[in-house]
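Trainee: Dumping the structure here so I can ask a few things about it.
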Ligand code: HEM
Ligand SMILES: [Cu+2]
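Protein chains in written order, with my numbering: chain B, 1228 to 1883; chain X, 9 to 113.
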C-alpha cells in the first residue's frame, strides 16, 4: 500500500530538481498565507461577493490585469533562467530537458496567458467606458470568459509541480508532441490549458463585437467611435475566426494522443506538416490579434498628449480593418522551409509584405499627429514614443524574413527570435504598459508615480536593445534557436553575455514597476477630476474610479472626441447644458455560475491530462449542470434606484 | 442592459411550421448520404460529391430555418460576418490543399 502511494507520488509530483522544490515550498507557503489572511480578517464573504461572482466589466478587467502581471512574472523568470544558461558557453545550470520545458512554458505563457489576458484587461477596463455603455453586451458571459481563462492558465501552470511541464515548443509541433516522443502528461496540460482558456477568448471576441456594434451611446456612429474601440473590433474579428482553428487543431492532436488517431502521425496516413499548416492559420492572426489593440492604445495616447485630433482617422480605421482580413492570408511564411511549390512561396511572401503597408500608414499618422502638437512627456507618451522606432525595426526585420529565399538563412535562428521579440515587446508589451499607465487612474482613482515609472521605463528600454540587438547578430553567426548550450569555439560567447545583461535589465525594470504600483497605492497622486490627462473621449467625462454603473446619465454623442469638444464648448461659452434626468439604472446581477462552471472545466482538463476519464466525466456533468441551472435563472438583473445613483455620484463629488 | 431592454415586443423567431419543415429537411439530408454509403449504388466519386452537396444544403437549411439569416435589423452584421466567415473557410480549405498537395509528389 505504502509502496503504491510512494510510487504514484514520485511520478505524479515533479521531483529531483532543487529549483522545483524551492518553488513547491513557496507555492505552499503562499497558499497558506492567503488562506490565513482571508480567514483571519473574515474576508471570504467579501471575496465571493465582490470578486469571484462579479459581472462588472471593470472588476473583471482588474482580475485579468492581476493575472497577467503574475504570468508576466512567471514567464519573465523562465526567460531569465534561459538567459543564465546561455550567458556563457558550457554552463551546467539547466539540463537539456529542463531547458526544453522552460522555453516551452515561457513562450506559451507569454502569448496565451500574459499577452491575451493583459489585452482582455484593457478591453474590459476601457471599451464600455469609451462607448458610453454601462457594461458589455453579455456580462455573465464576460465573467465566464475570465474564469475559463483563469482556470485554463492554472491548469497549465500546474504542470510545473505536478506531472511535468510540456517541452515540445510553444506551438507543440508533432511528431515531437506525439505520444511516441512526449509520453506523460506534459503535452496534455498544454492542450487542455489552452483549450479551456481558448473557449473564454472566443467568447470574449463575440462579446466585444456585439458590445461595439450594439451598445454605443446614442449619437456615436461607427464613424465617431474612438480608435481604441475600433482596434478592439478589428482584434475581435480576428479572434472569432482564428480561435476556432486553434481549437480544432489541438483537438485533433489530442485525438492522436488519446485515441490513437492518425491526423498528424508519421504513419497511418497522417501528416505532421498539416499541423504546422493549421496552427499557423491561427498563429499568424494571433500575433495581429495582440498587436492591433496596442495600435489603438497608441492612437488614443498620441492624440491626448499632443493635444490634437488624431491625424488621418479614416485611414487608421481602414488600416486596422485591412489588417484584420489580410492577416488571414500570410500564414505560410512561418514554414517557407517546409518545401512547397514556388507559386505558394511567392504568394505568401508577397501577402506578408502587403500587411506591412497598413502598419506603415499608421506609423506616419502617429508622427503627423505629433508634428506641431504640444507634446507632454508623461509615462503613457514615453512608452508610445519608445514604441515607434522599436516597432519600425521589428517590421523591417519582418519584411527581411518574408523574403523567402533569404528566410532559408534566417529561419529558426536567433535572428527570428530577435524579430518576434522586437514586435512583441516593443509593440505589444510597450503598448499595453502605455495603456495601463494611461487608464490606471480611471480604474483606481490615482496615478502611478512618475519617478519610479521613469526608472522602470529606462531599464526596460535600454535593456531591450541590449538584450535583442546582439541576437540579430548571433542569428547571422549561425546560432539557431532552442540551443541549450554551446562551446567556446563558436565565437558566440560575448554577444550572449551582453544579451543576458540586457534581459536582467528588463527584469529590474519590472521590479521598479511593481515597486511603483506598491508605492503609488499609498502615495500616488489622487485623481479628483476624473480627467487627469485632459482626455478626449467619454471615459474621462465620469469620475475616477468609475462608479459601478459607469454613467449616471447616458451621454449624447455628437462628435468624434466628444468629451474634448464638450470641454472646448464649455470654455467658449457655447455649451448648452442639457437637462439631465436621472432614471433607474438597469444592471446585471452577480452570479457564481461562471466560477463554478470553470472549475468543472478544470476537472475535465485535469482528468484528460492524466487519462482519468471518470474525472473528466464528472467535470462534464458539472459543466452541463451549470448550463442547465443558468438556463432556468430568470432573475438575472435589477434596477438601481435614482436615489442610490444620486448618493453615489455625490460621494464622488458630482451633483446630478 | 440594452439587450434586455430590447426584449419586449420583439418579433418572434420563426413559427412552429418553419421549425418542423427545417427539421424534416435536415433529417432527409442526413439520411440520403447514409443510404448512399450503406448501399453503394453510385461510383466512389459520385458518392463523395453527393455527400458534399448534401452537406452544403444542410448548412443552408440550418442558416435559413434555425439561425434566421433572413431576419434581423439593418445593417445586416450577421450576413456580413457570414460572408467573411465563408471567405475564410474557403481560404482554409483551398489554401491547405494548395500548400499540402505539393508534398504528395
Ligand atoms: C510587418 C510586419 C511583419 C512581418 C513582415 C513579419 C514577418 C515574419 C516572418 C516572415 C516570420 C517567419 C520567419 C521564420 O520563421 O523564419 C515571422 C515570425 C514571427 N513573427 Fe513576424 N512579422 C511581422 C510582424 C509581426 C508582429 C506584429 C508580431 C507580433 C506582435 C510578429 C510575431 C512573430 C512571431 C511570434 C514569429 C515567430 C514565431 C515562431 O516561429 O515561433 N510579427 N514574422
Ligand atoms: Cu506570421
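All C-beta atoms in this analysis are idealised placements derived from N, C-alpha and C, irrespective of residue type, glycine included.
#1: Under a criterion of Cβ closer than 6 Å to any non-hydrogen atom of ligand 2, which residues qualify, in chain order?
#2: Cβ closer than 7 Å: which chain X residues qualify as neighbours of residue 1559 (chain B)?
#3: In whole angstroms, what separates the C-alpha of residue 1750 (chain B) from that of residue 1685 (chain B)?
#4: By the 8 Å beta-carbon criterion, what residues does the region 1468-1483 of chain B contribute toward chain X?
#5: Tell me whether the beta-carbon of residue 1787 (chain B) lies closer than 7 Å to the beta-carbon of residue 1269 (chain B).
#6: Spell out whether any CB of chain X is found under 7 Å from the CB atom of residue 1793 (chain B).
#7: Let's see if you can read the secondary structure: which residues bound the beta strand (DSSP E) around residue 1812 (chain B)?
#8: At a Cβ threshold of 7 Å, is residue 1504 (chain B) touching chain X?
#9: Under 8 Å by Cβ, that's how I've got residue 1308 (chain B) and residue 1299 (chain B) pegged, so tell me the actual separation to the nearest angstrom.
#10: Going by alpha carbons, who is nearest to residue 1390 (chain B) out of B:1606, B:1241 and B:1875?
#11: Looking only at C-alpha atoms, which of B:1777, B:1573, B:1753 and B:1847 sits nearest to residue 1677 (chain B)?
#12: Kindly list the residues whose CB is nearer than 8 Å to the CB of residue 1633 (chain B), restricted to its own chain and excluding five residues on each side of it in sequence; keep chain order.
#13: Skipping 5 residues on each side, what residues in its chain have a beta carbon closer than 8 Å to that of residue 1328 (chain B)?
#14: At the 7 Å Cβ level, is residue 1555 (chain B) part of the contact set with chain X, yes or no?
#15: Buried or exposed, going by whether 16 or more other CB atoms sit within 10 Å of the CB of residue 1230 (chain B)?
#16: For residue 1214 (chain B), report the span of its alpha helix (DSSP H) as first-last.
#17: To the nearest angstrom, report how far apart residue 1358 (chain B) and residue 1439 (chain B) are at their CA atoms.
#18: Of all Cβ atoms in chain B, is any one closer than 7 Å to the Cβ of residue 67 (chain X)?
#19: What separation, rounded to the nearest whole angstrom, lies between the Cα atoms of residue 1815 (chain B) and residue 1865 (chain B)?
#20: Quick one, which of B:1232, B:1778 and B:1523 has its alpha-carbon nearest residue 1545 (chain B)'s?
#21: Say whether the region 1690-1701 of chain B touches the region 1551-1558 of chain B, bearing in mind that this needs 3 or more beta-carbon pairs closer than 8 Å, one atom from each stretch.
#22: Kindly indicate which residue of B:1532, B:1521, B:1837 and B:1435 has the alpha-carbon position closest to the one of residue 1598 (chain B).
#23: Buried or exposed: residue 1713 (chain B), going by 16 or more other Cβ atoms within 10 Å of its Cβ?
#24: Please state the DSSP three-state secondary structure of residue 1873 (chain B).
#25: List the residues of chain B that residue 110 (chain X) touches, going by C-beta distances under 8 Å, in chain order.
#26: Return the residue from the list B:1541, B:1711, B:1807 and B:1687 that minimises the CA-CA distance to residue 1729 (chain B).
#27: Mind reading off the beta-carbon distance from residue 1480 (chain B) to residue 1421 (chain B)? Whole number of angstroms is fine, and I expect it under 8 Å.
#28: Establish whether the CB of residue 91 (chain X) and some CB of chain B are separated by less than 7 Å.
#29: Tell me which same chain residues have a C-beta within less than 6 Å of the C-beta of residue 1490 (chain B), skipping the five on either side of it?
#30: Pull up the distance between the alpha-carbon of residue 1734 (chain B) and that of residue 1467 (chain B), whole angstroms please.
#31: What does a CB cutoff of less than 8 Å around residue 1792 (chain B) pick up in its chain, not counting 5 residues either side in sequence?
#32: Does DSSP put residue 1708 (chain B) in a helix, a strand or coil?
#33: Return helix, strand or coil for residue 51 (chain X), following the three-state DSSP convention.
#34: So, does the region 1430-1437 of chain B touch the region 1345-1363 of chain B, judging by three or more C-beta pairs under 8 Å?
Mentor: According to the data block:
#1: B:1511, B:1514, B:1557, B:1560 and B:1561
#2: 107
#3: 22 Å
#4: 1468 and 1472
#5: no
#6: no
#7: 1812-1815
#8: yes
#9: With a Cβ gap of about 15 Å, residue 1308 (chain B) and residue 1299 (chain B) do not count as contacting.
#10: B:1241
#11: B:1753
#12: 1627
#13: 1391, 1392, 1393, 1394 and 1413
#14: yes
#15: exposed
#16: Here chain B has residues from 1228 to 1883 only, and residue 1214 (chain B) is not among them.
#17: 7 Å
#18: no
#19: 6 Å
#20: B:1523
#21: no
#22: B:1532
#23: buried
#24: helix
#25: 1566, 1567, 1568 and 1571
#26: B:1687
#27: With a Cβ gap of about 10 Å, residue 1480 (chain B) and residue 1421 (chain B) do not count as contacting.
#28: no
#29: 1479, 1483 and 1497
#30: 34 Å
#31: 1785 and 1786
#32: coil
#33: coil
#34: yes
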